[in-house]
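J.:
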Amino acid sequence: MRPIMLSPESGICEFHYYDCDGTFIGKSDGERPDPSLFNNAHYVFDRKNELLKNQDLLRGMKKRLAALRQKLIRISVHDVENLMAANHELHELQDKIDRMESGLPPAGRGYGPCTANIQFIQ
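According to the working numbering, the stretch in the sequence shown is residues 91 to 212, in order.
(1) Quick check: the Cα distance between H132 and D119, rounded to an integer number of angstroms?
(2) Tell me, to the nearest whole angstrom, how far the beta carbon of Y108 is from that of L127; I am working on the premise that it is less than 8 angstroms.
(3) Alpha carbons only, please: which of G150, A176, D124, G116 is nearest the one belonging to R159?
(4) Tell me the residue span of the alpha helix (DSSP H) that contains G150.
(5) Tell me which same chain residues have a C-beta within less than 6 angstroms of the C-beta of D124, skipping the five on either side of it?
(6) With DSSP as the reference, please indicate the residues paired to F128 in a beta bridge.
(7) Please classify K153 as buried or exposed, where buried requires at least 16 neighbouring CB atoms within 10 angstroms.
(8) On the DSSP bridge list, what partners appear for H106?
(9) Taking C-alpha atoms, which residue in G150, K161, V167, C103 lies nearest to N139?
(10) Going straight from the alpha carbon of V167 to that of E121, what length do you get?
In structure tokens, the structure reads:
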């Protein structure tokens with residue numbers, strides 16, 4: 091299968107980058123955020139003002155991830171149900187952090203209209 095864009099402009103998004111003080115530091119157009127601007131930005135938004143990167147949220151998520159890891163260590167091996175639930179929660183949170191750090195939208199969401207018109211054909 092290969093993706094086919096239904097309209098030429100559907101693959102292009104506009105991304106806005108801001109530093110930790112909220113000062114605008116740049117803009118890029120494309121299917122994904124610009125890696126250089128993304129890595130230097132504290133906040134990144136797409137053209138629909140959806141937040142793609144927020145260092146404040148990431149910091150909180152990483153603290154929660156560390157707490158979940160400690161919780162997982164404390165759960166008895168015999169308590170399989172709680173062990174599995176905590177492990178599942180830990181993996182979901184780690185996936186969210188990884189996606190946010192790499193500039194990908196949360197799982198199940200594309201970059202709004204950028205990916206809304208993609209159809210797969212064989």
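Don't be surprised by glycine CBs; every beta carbon is placed ideally from N, CA and C.
T.: By the coordinates alone:
(1) Stepping through the sequence shown from its first residue, residue 132 is reached at position 42. Stepping through the sequence shown from its first residue, residue 119 is reached at position 29. So the two alpha carbons sit approximately 18 angstroms from each other.
(2) The sequence position of residue 108 within the sequence shown is 18, counting from 1. The sequence position of residue 127 within the sequence shown is 37, counting from 1. Wrong, their Cβ atoms sit about 10 angstroms apart, outside the cutoff.
(3) Mapped onto the sequence shown, residue 159 falls at position 69. Looking at the Cα atoms, A176 is the closest of the given residues.
(4) Position 60 of the sequence shown holds residue 150. Element bounds for G150: 145-164.
(5) Here the question's residue 124 lines up with position 34 in the sequence shown. Excluding residues within five positions, the ones whose Cβ falls inside 6 angstroms are S118.
(6) One-based indexing of the sequence shown puts residue 128 at position 38. In the DSSP output, where bridge partners are listed per residue, F128 has none listed.
(7) For the purposes of this step, residue 153 is taken as the residue at position 63 of the sequence shown. Result: exposed.
(8) As a first step, residue 106 must be located in the sequence shown, where it is residue number 16. Paired residues: K117, F135.
(9) For the purposes of this step, residue 139 is taken as the residue at position 49 of the sequence shown. Per the Cα distances, C103.
(10) Residue 167 sits at position 77 when you count from the first residue of the sequence shown. Residue 121 sits at position 31 when you count from the first residue of the sequence shown. Taking the straight line joining both Cα atoms gives about 45 angstroms.
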